[in-house]
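Visitor:
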Amino acid sequence: MSRVYNFSAGPAALPEEVLKEAAAEMLDYAGTGMSVMEMSHRSKTFDKIIKDAEQDLRDLMGIPDNYKVLFLQGGAHLQFAMVPMNLMKNGVADYIVTGNWAKRAWKEASKFGKANCIASSEDKNFSYIPDCSDLPVDEDADYVYICQNNTIYGTQFHTLPNTKGKTLVADVSSCFLSEPVDVEKYGMIYGGVQKNIGPAGVVIAIIREDLITEDVYPNTPTMLQYKTHADKDSLYNTPPAYGIYICGKVFKWLKKMGGLSVIKERNEKKAALLYGFLDESKLFTPTAEKGSRSYMNVDFVTGDKELDAQFVKEAEEAGLSGLKGHRSVGGMRASIYNAVTVEAVEALVKFMKEFEEKHSR
Ligand SMILES: Cc1ncc(COP(=O)(O)O)c(C=O)c1O
C-alpha cells in the first residue's frame, strides 16, 4: 500500500488513524456482527454513535446548550436555500460576497426575499477580504452572511464582520474545526464535512435555538425546515449514518490531538512553512493578499500556465496529489486541512524548491 500526500480541496485527506479504525470495524462494529453501513439508524448502537458524535463536537467547540447541532444532507449548497427559507423572517438579509460560494448563496437567497450584497471583493477576483468594520447593514436584515474561508480563492476572515447587532451566519465548510471558535458570536455555523471532518454527504449545522421556529418561507418542504430535524435530534428520516460515524471518529481524533488550540497551532505551522517559502520564492507567487490569507487553502501561480500544468503533473508523479488550482484562479492550490500532516507540507515545500531550482536556470 502506498498513500500519497493528499492536498485535495475536497473531498480531502482524512486522518490515517481514523481510516484504519474504520477499516478494522468494517465487517463487525463493536461486536454487532455488522457494519455501521448495514445497521438500523433506530438501533441502540447507532443512537450511541450519533449522540457521542454530537457530544464530542460540543466539547471541541464549546457549543452552548442553547444551540442545536444538526446532521443534515444536501451539501453546503442546500444550505444556500435553507438558510433564507428558515431565517429570513423579515424577508431581508445582507451578504458579504468574498467568493464563488458566497455569491451562490447570495443569489439563492434572492429567490426568497431581499438579499443585499453589502460588500464584495469581486473587483480583484476575490483575492482579499474587504474591510467589514462599518458596513451598510440593513435595519431590517434578519442576518448577515459570510463564507468564512473561501476555498477557491484561498482567503479567510481573520476578524468577523461588525454585523451591528444582527445575527451572523457563516459557511465554514473549509475551515470547520481548524481553530477554536466563539460559537456565541454566531447565530448559525454550518458546513459540509468533506474537507475537514469526514466523507461527503453530511452537513453539520449549529443553530441558536431561538432561530429555529415554524415561521419559515411559505410552503417550505418539511425536510427543509430546521425545526423538523431539531425536534427529532437529526433522526426525522434516515440520516447519513456511515458519514456521521466517521465524523464521530474524527472528533475523537481531534480531542486526542489536544483539541482545537493544538490543531490551530499545527495549522499555523503548516501555513507558515508554505507561505514562508512562497514569499521568498523567485518562481512562485501566492495569489491572496497577505492579510487575507487562508490557513487552509494556499493558492499560488508561476505566471506561466504551461509551467503551472507541468508543476501539477510532476508533483502528482512524485506522490503529491490534488494541487491543481480551481479554474477561476488557475495555477495551484494546496489544501492543508487538519488531517494534512506537517510532514506532507514539508515534502511539498521540498518539491517546490527543487522545481524552482530546475526552472530558474
Ligand atoms: C466554502 C464552501 N461552501 C460551499 C461549498 C459547496 O459544497 P457542496 O458541494 O457540499 O454543496 C464548498 C465546496 O465545495 C465550499 O468550499
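In UniProt numbering, the protein residues as written are 1 to 361. Where a beta carbon is used, it is the ideal one built from N, C-alpha and C, also for glycine.
Specify, as a first and last residue, the run of the alpha helix (DSSP H) that residue 67 falls within.
Guide: Taking the sequence shown and counting its residues from 1, one reaches residue 67 at position 67. Counting along the chain, residue 67 falls outside any alpha helix (DSSP H), though it belongs to the beta strand (DSSP E) covering 67-72.
Visitor: Pull up the distance between the alpha-carbon of residue 132 and that of residue 159, whole angstroms please.
Guide: For the purposes of this step, residue 132 is taken as the residue at position 132 of the sequence shown. For the purposes of this step, residue 159 is taken as the residue at position 159 of the sequence shown. CA-to-CA, the gap between residue 132 and residue 159 works out to about 9 Å.
Visitor: If you compare alpha carbons, which of 98, 113 and 99 is closest to residue 374?
Guide: In the structure displayed, the chain extends from 1 to 361; residue 374 sits before or after that span and is not available.
Visitor: Compute the minimum distance between the beta carbon of residue 147 and the heavy atoms of ligand 1, and state whether it is under 7 Å.
Guide: If you number the sequence shown from 1, residue 147 lands on position 147. Under cutoff, so the answer is yes.
Visitor: Return the residue from the list 203, 136, 258 and 296 that minimises the CA-CA distance to residue 163.
Guide: The sequence position of residue 163 within the sequence shown is 163, counting from 1. Ranking the options by Cα distance to residue 163, first place goes to 136.
Visitor: Looking at residue 78 and residue 205, is the spacing between their C-beta atoms short of 8 Å?
Guide: Along the sequence shown, read from residue 1 onward, the residue named residue 205 stands at position 205. Along the sequence shown, read from residue 1 onward, the residue named residue 78 stands at position 78. In this structure, residue 78 does not lie closer than 8 Å to residue 205 by Cβ.
Visitor: Between which two residues does the beta strand (DSSP E) harbouring residue 246 extend?
Guide: Against the sequence shown, residue 246 aligns to sequence position 246. Note, residue 246: premise wrong, no beta strand (DSSP E); alpha helix (DSSP H) at 241-257.
Visitor: Using only alpha-carbon positions, find the residue among 252, 340 and 290 that is nearest to residue 7.
Guide: Start at 1 with the first residue of the sequence shown, and residue 7 comes out as number 7. When only C-alpha atoms are compared, the closest one is 340.
Visitor: What's the gap between the Cα of residue 103 and the Cα of residue 147?
Guide: Along the sequence shown, one-based indexing puts residue 103 at 103. Along the sequence shown, one-based indexing puts residue 147 at 147. In a straight line, the C-alpha of residue 103 is about 9 Å away from that of residue 147.
Visitor: Closer than 7 Å by C-beta to residue 62: which residues in its own chain qualify, once you throw out the five before and the five after it? Chain order, please.
Guide: The count along the sequence shown starts at 1 and reaches residue 62 at position 62. Same-chain partners within the cutoff: 183.
Visitor: Rounded to whole angstroms, what's the CA-CA distance from residue 57 to residue 9? Just pull it up for me.
Guide: For the purposes of this step, residue 57 is taken as residue 57 along the sequence shown, with counting starting at 1. For the purposes of this step, residue 9 is taken as residue 9 along the sequence shown, with counting starting at 1. In a straight line, the C-alpha of residue 57 is about 22 Å away from that of residue 9.
Visitor: Using the Cα positions of residue 363 and residue 106, report the straight-line distance between them to the nearest angstrom.
Guide: The chain is shown from 1 up to 361; residue 363 falls before or after that span and cannot be answered.
Visitor: What I want to know is whether the C-beta of residue 253 ends up closer than 7 Å to one or more non-hydrogen atoms of ligand 1.
Guide: Locating residue 253 in the sequence shown gives position 253, counting from the first residue. False, no ligand heavy atom lies under 7 Å from that Cβ.
Visitor: Relative to the C-alpha of residue 291, which candidate in 154, 118 and 17 has its C-alpha closest?
Guide: On the sequence shown, position 291 is the one that residue 291 refers to. Of 154, 118 and 17, the residue nearest in Cα terms is 154.
Visitor: Using only the heavy atoms of ligand 1, determine whether one of them is closer than 7 Å to the beta carbon of residue 294.
Guide: By 1-based counting over the sequence shown, the position of residue 294 is 294. No; taking the cut-off as 7 Å, the Cβ of residue 294 has no heavy atom of ligand 1 nearer than that.
Visitor: In the structure shown, what three-state DSSP assignment does residue 5 receive?
Guide: Taking the first residue of the sequence shown as 1, we reach residue 5 at position 5. Here residue 5 sits in strand by DSSP.
Visitor: From the DSSP output, read off the bridge partner residues of residue 120.
Guide: Position 120 of the sequence shown holds residue 120. Partner(s): 97.
Visitor: What residues sit near ligand 1, counting only those whose C-beta is closer than 6 Å to one of its heavy atoms, in chain order?
Guide: Output, sorted by chain position: 10, 75, 76, 77, 101, 147, 151, 171, 173, 174 and 192.
Visitor: Does the Cβ-Cβ distance between residue 83 and residue 122 come in under 8 Å?
Guide: Walking along the sequence shown from the start, residue 83 turns up at place 83. Walking along the sequence shown from the start, residue 122 turns up at place 122. No.
Visitor: Just reading off the alpha helix (DSSP H) that residue 167 is part of, what are its end residues?
Guide: Within the sequence shown, residue 167 is the residue found at index 167, counting from 1. Counting along the chain, residue 167 falls outside any alpha helix (DSSP H), though it belongs to the beta strand (DSSP E) covering 167-171.
Visitor: Is there contact here, the segment 313-329 with the segment 340-360, by at least three beta-carbon pairs under 8 Å?
Guide: yes
Visitor: Given 7 Å as the limit, tell me if residue 284 has its C-beta closer than that to any heavy atom belonging to ligand 3.
Guide: For the structure depicted, ligand 3 is absent and the ligand set comprises only ligand 1.
Visitor: Rounded C-beta distance between residue 15 and residue 250? I'm assuming under 8 Å.
Guide: Taking the sequence shown and counting its residues from 1, one reaches residue 15 at position 15. Taking the sequence shown and counting its residues from 1, one reaches residue 250 at position 250. Sure, about 7 Å apart at Cβ, within 8 Å.
Visitor: Give me, in chain order, the residues of the same chain whose beta-carbon lies closer than 6 Å to that of residue 286; leave out the 5 immediate sequence neighbours on both sides.
Guide: Counting from one through the sequence shown, the residue named residue 286 turns up at place 286. Counting only Cβ-Cβ distances below 6 Å, and skipping sequence neighbours, we find 278 and 300.
Visitor: In angstroms with no decimal places, state the Cα-to-Cα distance between residue 32 and residue 238.
Guide: Here residue 32 refers to the residue found at position 32 when the sequence shown is read from its first residue. Here residue 238 refers to the residue found at position 238 when the sequence shown is read from its first residue. Each residue's alpha carbon lies about 20 Å from the other.
Visitor: Have a look at 213, 270 and 109 and flag the residue whose alpha-carbon is nearest the alpha-carbon of residue 293.
Guide: Position 293 of the sequence shown, counting from 1, holds the residue named residue 293. The residue with the shortest Cα to Cα distance from residue 293 is 270.
Visitor: Taking the alpha helix (DSSP H) that residue 61 belongs to, which residues open and close that run?
Guide: Position 61 of the sequence shown holds residue 61. That run of the alpha helix (DSSP H) goes 44-61.
Visitor: Assuming residue 20 contacts residue 230 under a Cβ cut-off of 8 Å, what Cβ separation, rounded to an integer in Å, is found between them?
Guide: By 1-based counting over the sequence shown, the position of residue 20 is 20. By 1-based counting over the sequence shown, the position of residue 230 is 230. That belief does not hold up - the Cβ atoms of residue 20 and residue 230 are roughly 34 Å apart, past 8 Å.
Visitor: Check residue 26 in the structure and name its three-state DSSP category.
Guide: Numbered from its first residue, the sequence shown carries residue 26 at position 26. Three-state result, residue 26: coil.
Visitor: Helix, strand or coil: which one does DSSP assign to residue 196?
Guide: For the purposes of this step, residue 196 is taken as residue 196 along the sequence shown, with counting starting at 1. In the structure shown, residue 196 sits in coil (DSSP, three-state: anything other than H, G, I, E or B).
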